[in-house]
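Colleague: In our numbering, the protein residues as written are 741 to 808.
All C-beta atoms, glycine included, are put in the ideal place defined by N, C-alpha and C.
Structure in structure tokens, see below.
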């Protein structure tokens, strides 16, 4: 498995984690828990964004990995 494929797999997993955090925050009754879950969801989003930027760089440098 290439590095690009591993990063894409990681991004997909992180998107699932972010969706779970968003779901939990919408059902949380405690405001402190809701805030904590939303903050963590935002942090995960930032990581996803950075990894997606890295994938673009990898695909530009190594065109054979594009689309995997």
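(1) I'd like the list of long-range same chain contacts for residue 788, defined as Cβ closer than 8 Å, with 5 residues on each side in sequence excluded.
(2) Chain D beta carbons: is any one of them nearer than 8 Å to that of residue 764?
(3) Could you check how far apart the C-beta atoms of residue 768 and residue 777 are, in whole angstroms? I think they sit under 8 Å.
(4) State buried or exposed for residue 748, treating a residue as buried only when at least 16 other CB atoms are found within 10 Å of its CB.
(5) If the criterion is Cβ atoms closer than 8 Å, does the pair residue 781 and residue 774 meet it?
Modeller: Well, looking at it:
(1) 751, 754, 755 and 758
(2) In summary, chain D is missing from the structure at hand, where a single protein chain is found.
(3) 6 Å
(4) By the neighbour-count rule (16 or more Cβ atoms within 10 Å), residue 748 is buried.
(5) no
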